[in-house]
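Everything below concerns the one structure shown next.
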Amino acid sequence: MFGENTRVLIVDDMMTMRKIVINGLKKLGLKNFLEADDGATAWPILDSAAASGEAIDLIVSDWNMPKMKGIDLLKKVRADDRMKDTPFLMVTAEAEKSAVVMAVQEKVSNYIVKPFTPDALEEKLKQVYKKHHG
Amino acid sequence: MGVGKIFMKSFINAVKKTFSVQVGVELEVKESFIAKGQQDLPRSDISGVIGITSDEISGTLSIMFSRDVFVRLVSKMLMEEQEEINEENDSAAGELANIILGQAKADLNENHGKAIQCAIPSIIVGSEHFVKSTKQNDEAFIIPFQCEFGIFHVRINIDK
Numbered sequence: 012m013f014g015e016n017t018r019v020l021i022v023d024d025m026m027t028m029r030k031i032v033i034n035g036l037k038k039l040g041l042k043n044f045l046e047a048d049d050g051a052t053a054w055p056i057l058d059s060a061a062a063s064g065e066a067i068d069l070i071v072s073d074w075n076m077p078k079m080k081g082i083d084l085l086k087k088v089r090a091d092d093r094m095k096d097t098p099f100l101m102v103t104a105e106a107e108k109s110a111v112v113m114a115v116q117e118k119v120s121n122y123i124v125k126p127f128t129p130d131a132l133e134e135k136l137k138q139v140y141k142k143h144h145g
Numbered sequence: 003m004g005v006g007k008i009f010m011k012s013f014i015n016a017v018k019k020t021f022s023v024q025v026g027v028e029l030e031v032k033e034s035f036i037a038k039g040q041q042d043l044p045r046s047d048i049s050g051v052i053g054i055t056s057d058e059i060s061g062t063l064s065i066m067f068s069r070d071v072f073v074r075l076v077s078k079m080l081m082e083e084q085e086e087i088n089e090e091n092d093s094a095a096g097e098l099a100n101i102i103l104g105q106a107k108a109d110l111n112e113n114h115g116k117a118i119q120c121a122i123p124s125i126i127v128g129s130e131h132f133v134k135s136t137k138q139n140d141e142a143f144i145i146p147f148q149c150e151f152g153i154f155h156v157r158i159n160i161d162k
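Residue numbers (this note's numbering), protein chains in the order written: chain A, 12 to 145; chain B, 3 to 162.
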């Protein structure tokens, strides 16, 4: 499972949801969090982290955000050689199968639909870890 | 105003599931009514509002809370005691509207052939406000929900 020093970027335009995700990750022992309120503000954080040699280890992102949607952030991450293999968990109210299919096609690591319980979040993170670390 | 049975069922189920899973409270649906004028509209201290749109329809979903009910619900949602509505927790009203629309949209689009689009929610914070449309003679469907902390309301208006 992800260790306590895992560098996590939480991306959601709702502060409440960022807090819920962070609280869920804290319960799993993670401690190192950065936050962004939009895909557009997340990208400079990812870019800067990669350039400094301390790349983000896990991205947890919403889908519907005003300036850059999570699916567009995912495409950008997967297109960048420095971070194309970064674990990316989409946490979103988009519950339609077509949205899930789109995210899978863009190589999302996993996908959790709101509403979700803390146990569901933990299970998805375990699946993401296993996918990327064996 | 036409808020058909299909829409009502989808939205009621979405509200109940959202609160059961994300907040951890079970809801009882109380008797709904049509608000025909401002005097019928529930007053609230914080509301989450989100558009319901497709090529065929336009409308809004609003979820409306008194201060006390909201503070207790968001404390449960965050698993941290909150004492007031503030900038750290007020987005919960918008997030709840967002999740409810996501659930209802999936049902309406996948099972009933609607094509409702995503939307970004807004929040309204202000003592004893009400949410209404700019249309004259607007009718909105109001559904009260009872939870362990009190009653909150969901307002739906859809124009076909």
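Backbone N, C-alpha and C fix where the C-beta goes; we use that ideal spot for every residue, glycine too.
Opening and closing residue of the alpha helix (DSSP H) in which residue i lies
i, result
"leucine 43 of chain B", "Leucine 43 of chain B -> no alpha helix (DSSP H), and no H or E assigned at all."
"alanine 131 of chain A", "129 to 144"
"methionine 10 of chain B", "7 to 20"
"serine 109 of chain A", "108 to 116"
8 Å CB neighbourhood of residue i in its chain, flanking five on each side removed
i, result
"methionine 3 of chain B", "Since pLDDT at methionine 3 of chain B reaches only 44, below the 50 mark, its modelled position is unreliable, and no value is offered."
"lysine 32 of chain B", "Ile145, Pro146, Phe147, Gln148 and Ile153"
"alanine 53 of chain A", "Leu20, Val22, Ala47, Ile70, Ser72, Met79 and Leu84"
"lysine 141 of chain A", "none"
"isoleucine 123 of chain A", "Leu100, Met101, Val102, Thr103, Ala131, Leu132 and Lys135"
"valine 71 of chain B", "Cys149, Phe151, Gly152, Ile153 and Phe154"
"serine 77 of chain B", "Glu83 and Gln84"
Beta-bridge partners of residue i, as assigned by DSSP
i, result
"cysteine 149 of chain B", "B:Gly152"
"aspartate 161 of chain B", "B:Ser60"
"phenylalanine 35 of chain B", "B:Ile144"
"leucine 20 of chain A", "A:Leu45 and A:Ile70"
"threonine 27 of chain A", "Paired residue(s): none; threonine 27 of chain A is not in a bridge."
"glutamate 30 of chain B", "B:Gln148"
Span of the beta strand (DSSP E), counted from its first residue to its last, around residue i
i, result
"asparagine 43 of chain A", "43 to 47"
"serine 156 of chain A", "This structure cannot settle anything about residue 156 of chain A, because the visible part of chain A is limited to 12 through 145."
"isoleucine 123 of chain A", "121 to 124"
"methionine 79 of chain A", "No beta strand (DSSP E) contains methionine 79 of chain A, which DSSP labels as neither H nor E."
"methionine 101 of chain A", "99 to 103"
Nearest-angstrom Cβ-Cβ length linking residue i and residue j, presumed shorter than 8 Å
i, j, result
"isoleucine 52 of chain B", "leucine 103 of chain B", "5 Å"
"lysine 108 of chain A", "glutamate 112 of chain B", "7 Å"
"histidine 114 of chain B", "isoleucine 48 of chain B", "That belief does not hold up - the Cβ atoms of histidine 114 of chain B and isoleucine 48 of chain B are roughly 31 Å apart, past 8 Å."
"lysine 87 of chain A", "glutamine 24 of chain B", "Contact doesn't hold; Cβ gap of about 29 Å is too wide."
"arginine 93 of chain A", "alanine 51 of chain A", "So it is not a contact: roughly 19 Å between Cβ atoms."
"methionine 26 of chain A", "serine 93 of chain B", "5 Å"
"threonine 215 of chain B", "isoleucine 122 of chain B", "In the structure as shown, chain B begins at 3 and stops at 162. Residue 215 of chain B is therefore absent and cannot be evaluated."
"lysine 134 of chain B", "glutamine 41 of chain B", "At roughly 11 Å, the Cβ-Cβ gap does not stay under 8 Å, so lysine 134 of chain B and glutamine 41 of chain B are not in contact."
"alanine 99 of chain B", "isoleucine 65 of chain B", "5 Å"
"glutamate 15 of chain A", "glycine 40 of chain A", "5 Å"
"aspartate 58 of chain A", "proline 77 of chain A", "About 20 Å separates the two Cβ atoms, so there is no contact after all."
"threonine 128 of chain A", "aspartate 68 of chain A", "About 24 Å separates the two Cβ atoms, so there is no contact after all."
Residues near residue i by beta carbon distance below 6 Å, same chain, minus five either side
i, result
"arginine 45 of chain B", "Glu130 and Phe132"
"threonine 55 of chain B", "Gln119"
"valine 111 of chain A", "Tyr122"
"alanine 16 of chain B", "Ile102, Gln105 and Ala106"
"glutamate 105 of chain A", "Trp74"
"lysine 95 of chain A", "Arg89"
Cut-off 7 Å between Cβ atoms - residues of its own chain near residue i, not counting five sequence neighbours on either side
i, result
"isoleucine 82 of chain A", "Trp74, Met113, Ala114 and Glu117"
"glutamate 86 of chain B", "Val73"
"lysine 18 of chain B", "Leu29"
"methionine 79 of chain B", "Gln24, Val25 and Ala94"
"isoleucine 14 of chain B", "Val31 and Ile145"
Counting only runs that start and end within the stretch 51 to 100 of chain B, where is the alpha helix (DSSP H) found for 4 or more residues in a row?
Counting only runs of 4+ residues, the alpha helix (DSSP H) found wholly inside the stretch 51 to 100 of chain B occupies 69 to 80, in chain order.
Only counting runs of 3 or more residues, tell me where the beta strand (DSSP E) segments fall wholly within the stretch 107 to 132 of chain B, in order along the chain.
Unbroken beta strand (DSSP E) runs of no fewer than 3 residues, entirely contained in the stretch 107 to 132 of chain B, are found at 124 to 131, following chain order.
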